[in-house]
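Sequence lines, in order, name chains R and V.
Going by numbering that gives the first Met the number 0, the first sequence runs without a break in its numbering and finishes at 192.
Going by numbering that gives the first Met the number 0, the second sequence runs without a break in its numbering and finishes at 389.
No residue lacks a Cβ here, since even glycine has one placed at the ideal position from N, Cα and C.
Bear in mind the structure is a predicted one, so any value in this text is a computation, not a measurement.
Taking it in order: structure first as structure tokens, then the write-up.
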Amino acid sequence: MEIQVGRIIRSSTTRFAVGCRVLRPEVPVFGALVKVQVLDDEVYGLIHDVRMEDDPYVRQIAALDEVRPEYIEDQRRNRQVPIEVGVLVVGYRRNGAILHRLPPQPPTSLDVLYTCPSQELAEFTERFDYFRLVLDNSDLPADELLAANLRYAAEAREDGEYFLVDAGRELARLLALDLVRLDGLLRRIRWSA
Amino acid sequence: MTLELNKVTPQIDHMGHVLAGRAAHQGRVLPAAQALLHAFAEAQGELCLVAESEPGQRLRCASPGDERLDGAYPTPALPDKVTIVAADGSQIYPDRHGIAFYYAINIGSIVFRHGSAQAPEVSTEPKLCYTDDELYPGGAPVSGDLVGAERTLAEMRALAQVTLAEPDGGPPRLALGDGPLLIWLQRADLPQGRQERILADYLDCLDRLRIGGATVSGFVSRPHSAEVVALLYLAQLEPSARQQVKSLAETEYRGLTDRALFSDLNPGERSALFVRGTAANLDFRDRGHTVYFFYLNTGLDLARVEVPEWIARDPKRLDLAHAAVYDQCRCNNGYPYVLTRADELAVILGEEREALEGMIMQALARHDLALPELSRKAQQKQAARWRRRR
């Protein structure tokens, strides 16, 4: 099932940010595959960051001994303090085919971002060409991000354990010159049924 | 050039000296004023005569209610469920140097269901005013005073409308306004007839709230009035001496406020009820809405809470206003939560005004009007101040 995450507030070819109002159990989740329609294409990304903007009023309320539930609900649902979700672009779909490369155009403001259902996540992760688009971001927790995505992808298919073994082989190829990093990543994607 | 702080340093130093002297003076006279409060605590009849006398009217003295003047009334129990409604407004004043001559009023309102654990309902109601009647009432360009009065009326209308939309048989309802309940239109530069219409509409709202069974109050933060102080000062004088007093500022009680007088109240306690002493209260009295007030220790501040007569004379609803306002302040730094939020909803930020004026410019262009621009004066000011804004 597709769930709306929020609307685009800032975008570039490689990353975009989405504003949403409340955290729900299903969204937004670190490492989740998400998508947004851009003209005839669907642009895919991984949620790499979820942050709440600073607000002096929230700080003041947080310091109180007693906070009424109505205050909490008001601050979370009504006040214009959006939760900002950062998304790393990892590919796009054109004419039905999934491409693990940067899209020609980024989404525009207020476009809606959706989560990808399990079937689509499994389809997107059939190949591992997008690994490079994730691992090359030294300013992000790229290893954690990819590991989280791979764990979700494993859960989305029946042969999850074998999927992770294949993913590990691809990582070994990409990170052959950085064994410490490879070791850390492989530990993070170890299968646990 | 900018504000050369070195040139104001001596003035600042002198200002500190003056303020310290004023504080010391008030510290000296306050015990005497508080002693008068106790001395006249049960002299309601005598004080009423003083307030109604010519000097009492001149000094805008408050009148006592039925309670002991020096009474401190603890916070009553708050019902488990109460619906608290607040409304506040902001405006863009008309500016003949702007891109177009218009003004705007934005009203924010909140319905806070105490005890429900639900998120409050919030809404805003913006109104753009640009018709000839709105901009040139009585033929002259609209003034800031009139915009302020229209905003006050819009706040009360929203308060009444939103409060009365809540079911009568549900939890008790409190409509809480920001500022005095008693509006003061006489000083405003309002065209003929407009003042009467605004007042009549405002009082109509109070009528509707009374008929609808709601509780109403106005919250005045850090009040500066001295209506009770003036009453006590006059009361201690011989009747002949009272005639000589032209203003409280000429007496040793200058600068002493009611807020200081009631500074002994403990958190949650309210003072006795008094009747506002300004002449405008006569208009309210004629419609059965004589405005009363009490002082309330909100926990971190002393505020004035105003209620109409039909609340002042109804102990149950007076208790509701007292308890609910204090509860709102208790968890919000001494100021009602709903008023903080109503203000936040209503306020028109600079960037919002810029966006609005961008849309106005586009609308004018679509109607083949020359692209509007700021007046030469505004343009030059903007250019010259550019560096200062960086």
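Please decide whether E72(R) counts as near chain V, where near means a Cβ-Cβ distance under 9 Å.
Cβ-Cβ to chain V under 9 Å: yes for E72(R).
Which class does P9(V) belong to by DSSP, given the choice of helix, strand or coil?
helix
Tell me whether C330(V) counts as near the ligand SAH, meaning its Cβ is closer than 8 Å to at least one heavy atom of that ligand.
The ligand SAH is not part of the structure shown, which contains no ligands of any sort.
Supposed close pair A271(V), F292(V) - CB separation, criterion 8 Å
Not quite, the Cβ-Cβ distance comes to about 10 Å (not below 8 Å), so this is no contact.
What are the complete beta strand (DSSP E) segments, minimum 3 residues, inside the region 351-375 of chain V?
none
Nearest-angstrom Cα separation, counted from R340(V) out to V28(R):
30 Å
Short check: CB of G38(R) to CB of V84(R), under 9 Å?
Reading off the sequence, residue 38(R) comes out as Leu, not Gly. Taking 9 Å as the Cβ cut-off, L38(R) and V84(R) do not qualify as a contacting pair.
How about S142(V): is its C-beta nearer than 9 Å to some C-beta of chain R?
No, because no Cβ of chain R sits closer than 9 Å to the Cβ of S142(V).
In chain R, which residues lie less than 7 Å from C328(V) when you measure between Cβ atoms?
None at all; the shortest Cβ gap to chain R is about 12 Å.
Report buried or exposed for D411(V), applying the criterion of at least 16 other Cβ atoms within 10 angstroms of its Cβ.
There is no way to answer for residue 411(V), as the model of chain V reaches only from 0 to 389.
So the candidates are V146(V), P170(V), R258(V) and T8(V); which of them puts its Cα closest to the Cα of L77(V)?
When only C-alpha atoms are compared, the closest one is P170(V).
By a C-beta neighbour count over all protein chains shown, 10 Å radius and 16 as the cutoff for buried, is V164(R) buried or exposed?
exposed
For P81(R) and chain V, any beta-carbon pair shorter than 9 Å?
no
Between the region 89-114 of chain V and chain R, which residues of the former have a C-beta closer than 9 Å to a C-beta of the latter?
From the region 89-114 of chain V, only I109, F111, R112, H113 and G114 have a Cβ closer than 9 Å to chain R.
What ranges does the alpha helix (DSSP H) occupy inside the region 186-267 of chain V, keeping only unbroken runs of at least 4 residues that lie completely in it?
Complete alpha helix (DSSP H) runs here, min 4: 193-210, 226-235, 238-241 and 257-260.
In angstroms with no decimal places, state the Cα-to-Cα distance between P119(V) and V21(R).
15 Å
Hey, could you find the ends of the alpha helix (DSSP H) R172(R) is sitting in?
G159 to L173
Using the beta-carbon count (16 or more within 10 Å), is R150(V) buried or exposed?
When all chains shown are included, R150(V) counts as buried.
Compare the C-beta of L63(R) with all C-beta atoms of chain V and state if any pair is closer than 9 Å.
yes
Rounded to whole angstroms, what is the Cα-Cα separation between V346(V) and A96(R)?
49 Å
Indicate the three-state DSSP secondary structure (helix, strand or coil) for H113(V) in the structure shown.
strand
Using a Cβ distance threshold of 8 Å, determine whether the region 271-283 of chain V contacts the region 47-63 of chain V, with at least three qualifying pairs required.
Under the Cβ criterion (8 Å, minimum of three pairs), the region 271-283 of chain V counts as touching the region 47-63 of chain V.
Given A103(V), which residues of its chain have a CB within under 6 Å of its CB, disregarding the five upstream and five downstream residues?
Short of 6 Å from the beta carbon of A103(V), and not among the five residues preceding or following it, lie these beta carbons of its own chain, in chain order: I91 and L127.
Closest by CA to V81(V), which one among K380(V), L247(V) and Q327(V)?
Q327(V)
Does the separation of the CB atoms of V35(R) and L45(R) fall below 9 Å?
no
Please name the residue or residues paired with F15(R) in a DSSP beta bridge.
S10(R) and V86(R)
Beta carbon of E305(V) nearer than 9 Å to that of L181(V)
yes
Taking E119(R) as the query, report the chain V residues whose CB atoms sit under 7 Å from its CB, ordered along the chain.
Within chain V, no residue comes near E119(R); the closest Cβ sits about 33 Å away, beyond 7 Å.
Indicate whether the contact test is met: 3 or more Cβ pairs, each with one atom in the region 205-214 of chain V and one in the region 359-371 of chain V, closer than 8 Å.
no
Ordered list of beta strand (DSSP E) runs contained in the region 69-116 of chain V, each at least 3 residues
Fully enclosed beta strand (DSSP E) runs of 3 or longer: 81-91 and 102-113.
For G357(V) and G349(V), I'd like the C-alpha separation in whole angstroms.
12 Å
Within chain V, the residues that R76(R) reaches when beta carbons sit closer than 7 Å:
Within chain V, the C-beta atoms nearer than 7 Å to that of R76(R) come from A118, in chain order.
Classify A290(V) as buried or exposed, calling it buried when 16 or more other Cβ atoms lie within 10 Å of its own Cβ.
The sequence shown places Val at residue 290(V), rather than the Ala named in the question. The residue in question, V290(V), is buried, as its Cβ has 16 or more Cβ neighbours within 10 Å.
Under 8 Å by beta carbon: chain V residues contacting V57(R):
The contacting residues do not exist; V57(R) stays about 12 Å from chain V at best.
Rounded to whole angstroms, what is the Cα-Cα separation between A61(R) and I82(R)?
17 Å
According to DSSP, residues forming a beta bridge with Q36(R)
E41(R)
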